[in-house]
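What follows is one structure encoded as structure tokens, with my remarks underneath.
So, in structure tokens, the structure goes:
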């Protein structure tokens, strides 16, 4: 290879601030896993070759006179360098400045906001973000990159160089071969990477699944010199066959785990995976993984996500989100179709019957994987649920055909175990229902404590009836779609249509009728005093310890959902609450005896307390405090 530089046109630039921060974090957080740099750089080189193979479908001239795609790794112990090169798509000057000088991706700010300063935790987060090229600086104090984009003339090669301290230089070079060559100038303490055996061992572990040959210089034993010497040839150190195309019986658990790390750039092993070849109207192979940790941008609407799509082993795109429904966006892996055209676009993916078939089949495979985990590996499923449970809940509305399967996978906290651990399934709940109980009861709130302490639960605790405790933001949305399970209706304990009488015995029902009649004068006075603030005032049996609570009609929007919409800046219909009072509470008896001069303050105080207990914000908290102080001082 002949290359010359043109120093007169060299330019020095500064790294983006986020790049400098990321470099510092990697160097100090990943010191215990230094060899990761080789996996990342070989993975990037493989991706560059995949992209060239795809572009060459329409433009075969891009392959020039070198159609055999490959990745090569070499070292020079005297110069203390390790070089990773490929003959893939390459980069232009603008691309090299953009790709190696900035982090142009959504969620970058969110990524940095989650860093804790704990090296072990931050190392895992860095893995989720994808360290890629910058991992070079874990072992190198200087990195030189030479690249030329396929199809460009040799004179449009470009050289990038940096010591990772804040600046990098860019200058044109004459580069005969297309592709990218990265040379790492190793730090003094990194001698382990200047030997053939060490590099080959790493490559076999990390790159055996890559479909391209990963080559190193061939060596043979020289008897006269009593040492290994290079023959001048290159030899593959990996199997060079796409992992997903192999028989499952030929793939080890370790190989599956390494392939997952290759496609996800994660440092940790996956929780589970499924590998299948599907034949029939649509033929495709799927190798799908469930990660152990959520990516930092899981809830970023602009983040690119999806599995890698191949057609007949030819790489098509990295983030084919059309191949899985949105509620399974945490899944990583590869789908290789035998039916889609090689020139498939995102628009075609959205309209293709074959893609719909792949999407449906892949969703069912992932759900089967989760069902197996929930049944046979409960500890792993608990990890999955704590990480991705809120996302899976979206499936109740997004995937009607699989709603029942998704519902069986849901987990909640409940009054059964009085813990914020979400480990109660709907099937568990149904199995514990009281004789004669017809509904699955739940309460929604802003937090576990707010749900657990809701006054609406008092009658249910007294009767020993279990209530699900829900506080995830997605729950109200989920419940608008998930209205029943195994023919049992889901019912909010905060809705006025709740059939509380069905929970009462005959004596309680008789008392309810008598008390409602005796307190009619008080109910009328409260209704008149609060006529602009409540829809109705009535006596209830649902309360045991609280003087009052607020509910809404069965078909009205819940107060919790109203608050969520307001917090999101969205309009919500105005709904007046219903005030229900506890006839046995001392405060109700005190209000009943209040004269006309104080009754208005007492009734307003009662309503404000009920609203606060329900998690609502008071429209005038200052007036509430003043009113309460005045009434306390008058006692």
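Numbering (my numbering), first residue to last: 7 to 641.
Where is the CB? At the ideal position from N, CA and C, for every residue including glycine.
If you're wondering where the values come from, they're calculated on a predicted model, not measured in any experiment.
Subject >> Span separating the alpha-carbon of residue 168 from that of residue 212 >> reply: Counting from one through the chain shown, the residue named residue 168 turns up at place 162. Counting from one through the chain shown, the residue named residue 212 turns up at place 206. About 26 Å.
Subject >> residue 405 to residue 634 span [Cα, whole Å] >> reply: Taking the chain shown and counting its residues from 1, one reaches residue 405 at position 399. Taking the chain shown and counting its residues from 1, one reaches residue 634 at position 628. About 50 Å.
**OP:** Classify residue 158 as helix, strand or coil using the three-state DSSP reduction.
**Re:** Indexing the chain shown from 1 puts residue 158 at position 152. Of the three classes helix, strand and coil, the one that applies to residue 158 here is coil, per DSSP.
Subject >> Nearest-angstrom Cα separation, counted from residue 456 out to residue 495 >> reply: Against the chain shown, residue 495 aligns to sequence position 489. Against the chain shown, residue 456 aligns to sequence position 450. Going by the C-alpha atoms only, they are around 24 Å apart.
**OP:** State the beta-bridge partners of residue 55 as determined by DSSP.
**Re:** Reading the chain shown from its first residue, position 49 is the one you call residue 55. Under the DSSP definition of a beta bridge, residue 55 lacks any partner.
Subject >> Counterpart residues of residue 326 in DSSP-defined beta bridges >> reply: As a position in the chain shown, residue 326 is number 320, starting the count at 1. Answer by DSSP bridge pairing, in chain order: 313.
Subject >> Three-pair Cβ contact test at 8 Å for the stretch 389-408 versus the stretch 330-350 >> reply: yes
Original post:
Beta-carbon separation of residue 47 and residue 142 under 8 Å?
Top reply: Numbered from 1 along the chain shown, position 41 holds the residue referred to as residue 47. Numbered from 1 along the chain shown, position 136 holds the residue referred to as residue 142. Remark: C-beta atoms of residue 47 and residue 142 approach each other more closely than 8 Å.
Original post:
Under a Cβ-count criterion, where at least 16 other Cβ atoms within 10 Å of its own Cβ denotes burial, should residue 580 be classed as buried or exposed?
Top reply: For the purposes of this step, residue 580 is identified with residue 574 of the chain shown, where counting begins at 1. With fewer than 16 Cβ atoms within 10 Å of its Cβ, residue 580 is classed as exposed.
Original post:
Between residue 88 and residue 222, which are expected to be in contact by the criterion C-beta below 8 Å, what is the C-beta distance as a whole number of angstroms?
Top reply: Walking along the chain shown from the start, residue 88 turns up at place 82. Walking along the chain shown from the start, residue 222 turns up at place 216. Contact doesn't hold; Cβ gap of about 11 Å is too wide.
**OP:** Enumerate, from N- to C-terminal direction, the unbroken beta strand (DSSP E) stretches of 3 or more residues contained entirely within the stretch 57-98.
**Re:** 77-82, 87-92
Subject >> Close-in-space but distant-in-sequence residues of the same chain around residue 59 (CB under 7 Å, 5 per side omitted) >> reply: As a first step, residue 59 is located in the chain shown; it is residue number 53 there, counting from the start. Closer than 7 Å at Cβ, skipping near neighbours: 75, 320, 321.
Subject >> Closest Cα partner of residue 39 within the set 274, 433, 442 >> reply: For the purposes of this step, residue 39 is taken as the residue at position 33 of the chain shown. If we check each option's Cα against that of residue 39, 274 comes out closest.
**OP:** Can you grab the Cα-Cα spacing for the pair residue 96 / residue 188, in whole Å?
**Re:** Taking the chain shown and counting its residues from 1, the one referred to as residue 96 is at position 90. Taking the chain shown and counting its residues from 1, the one referred to as residue 188 is at position 182. Taking the straight line joining both Cα atoms gives about 11 Å.
Original post:
Are the beta-carbon atoms of residue 401 and residue 412 separated by less than 8 Å?
Top reply: Looking up residue 401 in the chain shown gives position 395. Looking up residue 412 in the chain shown gives position 406. Result yes, Cβ atoms of residue 401 and residue 412 sit closer than 8 Å.
**OP:** Compute the Euclidean distance between the alpha carbons of residue 18 and residue 391, then round it to the nearest angstrom.
**Re:** For the purposes of this step, residue 18 is taken as residue 12 along the chain shown, with counting starting at 1. For the purposes of this step, residue 391 is taken as residue 385 along the chain shown, with counting starting at 1. Residue 18 and residue 391: Cα-Cα distance of roughly 48 Å.
Original post:
In whole angstroms, what is the alpha-carbon distance linking residue 230 and residue 248?
Top reply: Looking up residue 230 in the chain shown gives position 224. Looking up residue 248 in the chain shown gives position 242. If you take the alpha carbons of residue 230 and residue 248, they lie about 40 Å apart.
Original post:
Going by Cα to Cα distance, which pick from 225, 214, 246, 300 is closest to residue 258?
Top reply: Here residue 258 refers to the residue found at position 252 when the chain shown is read from its first residue. Looking from the CA of residue 258, the closest CA among 225, 214, 246, 300 belongs to 214.
Original post:
How would you call residue 310, buried or exposed, if buried means at least 16 neighbouring beta carbons within 10 angstroms?
Top reply: On the chain shown, residue 310 is found 304 positions in, with the first residue counted as 1. Residue environment for residue 310: exposed (fewer than 16 other C-beta atoms within 10 angstroms of its C-beta).
Subject >> Cβ pair residue 448, residue 473 closer than 8 Å >> reply: Here residue 448 refers to the residue found at position 442 when the chain shown is read from its first residue. Here residue 473 refers to the residue found at position 467 when the chain shown is read from its first residue. Yes, they are a contact pair.
**OP:** Let me know the secondary structure DSSP gives residue 221 once reduced to three states.
**Re:** Locating residue 221 in the chain shown gives position 215, counting from the first residue. Three-state result, residue 221: strand.
Original post:
Should residue 3 and residue 164 be called a contact, given that it needs their Cβ atoms to be closer than 8 Å?
Top reply: Because the chain in this structure spans residues 7 to 641, residue 3 falls outside the shown range and cannot be described.
Original post:
Quick one, which of 240, 498, 194, 368 has its alpha-carbon nearest residue 335's?
Top reply: In the chain shown, residue 335 corresponds to position 329, counting from 1. If we check each option's Cα against that of residue 335, 368 comes out closest.
Original post:
With DSSP run on the structure shown, which of helix, strand or coil describes residue 19?
Top reply: Here residue 19 is taken as the residue at index 13 of the chain shown, counted from 1. Three-state result, residue 19: strand.
Original post:
So the alpha helix (DSSP H) residue 458 belongs to, where does it begin and stop?
Top reply: For the purposes of this step, residue 458 is taken as residue 452 along the chain shown, with counting starting at 1. It spans 454-458 - the alpha helix (DSSP H) in which residue 458 sits, taken as one unbroken run.
Original post:
Expressed to the nearest angstrom, what Euclidean distance is found between the alpha-carbon atoms of residue 395 and residue 631?
Top reply: On the chain shown, position 389 is the one that residue 395 refers to. On the chain shown, position 625 is the one that residue 631 refers to. Taking the straight line from one Cα to the other gives about 40 Å.
**OP:** Note down the Cα distance separating residue 140 from residue 29, rounded to an integer number of angstroms.
**Re:** Translated into positions along the chain shown, residue 140 becomes position 134. Translated into positions along the chain shown, residue 29 becomes position 23. Those two C-alpha atoms are separated by around 7 Å.
Original post:
Buried or exposed: which applies to residue 639, given that a residue is buried once 16 or more other Cβ atoms fall within 10 Å of its Cβ?
Top reply: Along the chain shown, read from residue 1 onward, the residue named residue 639 stands at position 633. Exposed.
Subject >> residue 554 classed as buried or exposed, judged by whether at least 16 other C-beta atoms fall within 10 angstroms >> reply: As a working note, residue 554 is residue 548 in the chain shown. Per the 10 Å Cβ criterion, buried.
**OP:** Using 10 angstroms around the beta-carbon of residue 297, count the other beta-carbons present and answer buried if the total reaches 16, otherwise exposed.
**Re:** Residue mapping note: residue 297 aligns to position 291 of the chain shown, counting from 1. The residue is buried, with at least 16 neighbouring Cβ atoms inside 10 Å.
**OP:** Pull up the distance between the alpha-carbon of residue 219 and that of residue 243, whole angstroms please.
**Re:** Working through the chain shown from its first residue, we reach residue 219 at position 213. Working through the chain shown from its first residue, we reach residue 243 at position 237. If I take the Cα positions, the gap works out to 8 Å.
Subject >> Rounded distance between the beta-carbons of residue 461 and residue 358, thought under 8 Å >> reply: Working through the chain shown from its first residue, we reach residue 358 at position 352. Working through the chain shown from its first residue, we reach residue 461 at position 455. That pair is no contact at about 53 Å.
Original post:
Do you know offhand how far residue 8's Cα is from residue 184's?
Top reply: Here residue 8 refers to the residue found at position 2 when the chain shown is read from its first residue. Here residue 184 refers to the residue found at position 178 when the chain shown is read from its first residue. With a pLDDT of 45 at residue 8, under the threshold of 50, the modelled position of that residue is not reliable, and the figure given next carries that caveat. When rounded, the distance between both Cα atoms is 12 Å.
**OP:** Would you mind stating whether residue 497 and residue 445 have Cβ atoms separated by less than 8 Å?
**Re:** The sequence position of residue 497 within the chain shown is 491, counting from 1. The sequence position of residue 445 within the chain shown is 439, counting from 1. In terms of Cβ geometry, residue 497 and residue 445 form a close pair [threshold 8 Å].
Original post:
How about the stretch 417-434 and the stretch 584-595: do they share at least three Cβ pairs that are nearer than 8 Å?
Top reply: no
Subject >> Extent of the continuous alpha helix (DSSP H) run through residue 591 >> reply: The sequence position of residue 591 within the chain shown is 585, counting from 1. Element bounds for residue 591: n/a, residue is neither H nor E.
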